[in-house]
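Residue numbers for the sequence shown, in the working numbering: 186 to 337.
Even glycine gets a Cβ: it sits at the ideal position worked out from N, Cα and C.
Computed from a prediction, not measured in an experiment: that's the story for all the values here.
Structure record follows, encoded as structure tokens.
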Amino acid sequence: MSASAFPELGELVPHAGPMRLLARVLAHEPERTVCALDPAASDLFRAADGSVPAWLALEWMAQCAAAHGGLVARAEGRAPSPGMLVGAKRIAFERARFEPGESLQVEARFAGAAGGLAAFECALHADGERVARGTLSVFVSDALAPPAGDAA
């Protein structure tokens, strides 16, 4: 499936405005999703020199996992369920920051679920080189959704 065949990220993740940090979905399979991002678009976190701190990769990974969940839900004819990042382990950053103009890709690979918890093995790549990785734990529940009629 071509990247243009995927829905807009606003249909997949609950983030809006400057908190939506991913650019688009590049690839999706039942067990993994890859998204593109531009560190220069992360206005809220940008330093004076245009760079963003490496720890922002955690949020990029979490948003990619959310996009994965949204795509899986859509394929099953359901609306995306809200989720909450509850843990991160084995986090490693190969750099202290990311520079403006870098072309980055983030991948979230579904690693399993138990009850309302789901695990994702995530990686961030710059020019094919892995520059960050980690395992995220996400709590997913319809109970987190706002009541019908409430604006998110």
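Contact set for residue i: own chain, Cβ-Cβ below 7 Å, skip 5 residues either direction
i, result
"glycine 216", "Sequence inspection shows glutamate at residue 216; the glycine mentioned does not correspond to that position. So the qualifying residues of the chain are Arg294, Phe295."
Burial state of residue i (16 or more Cβ within 10 Å)
i, result
"glutamine 192", "Reading off the sequence shown, one finds proline at residue 192, where the question assumed glutamine. Label assigned to proline 192: exposed."
"leucine 207", "buried"
"proline 203", "exposed"
"serine 227", "buried"
"alanine 308", "buried"
8 Å CB neighbourhood of residue i in its chain, flanking five on each side removed
i, result
"phenylalanine 278", "Ala239, Trp240, Ala242, Val316, Ala317"
Residue j beta carbon less than 7 Å from that of residue i
i, j, result
"glutamate 314", "proline 224", "no"
"glycine 255", "leucine 197", "yes"
"methionine 269", "phenylalanine 324", "yes"
"leucine 222", "leucine 289", "yes"
"alanine 250", "phenylalanine 305", "yes"
Contact belief for residue i with residue j at Cβ below 8 Å, rounded distance in angstroms
i, j, result
"valine 291", "tryptophan 245", "5 Å"
"glycine 235", "alanine 273", "Incorrect: roughly 26 Å between the Cβ atoms, too far for contact."
"histidine 200", "glutamine 248", "6 Å"
"valine 237", "phenylalanine 283", "5 Å"
Own chain, CB closer than 6 Å to residue i, minus 5 neighbours either side, in chain order
i, result
"alanine 336", "Confidence at alanine 336 is low in this model, with a pLDDT of 44, below 50, so its placement is unreliable and the value that follows should be read with caution. So the list is empty, once near-sequence residues are dropped."
Point to revise | Ordered list of beta strand (DSSP E) runs contained in the stretch 196-236, each at least 3 residues | key: 209-214, 217-222
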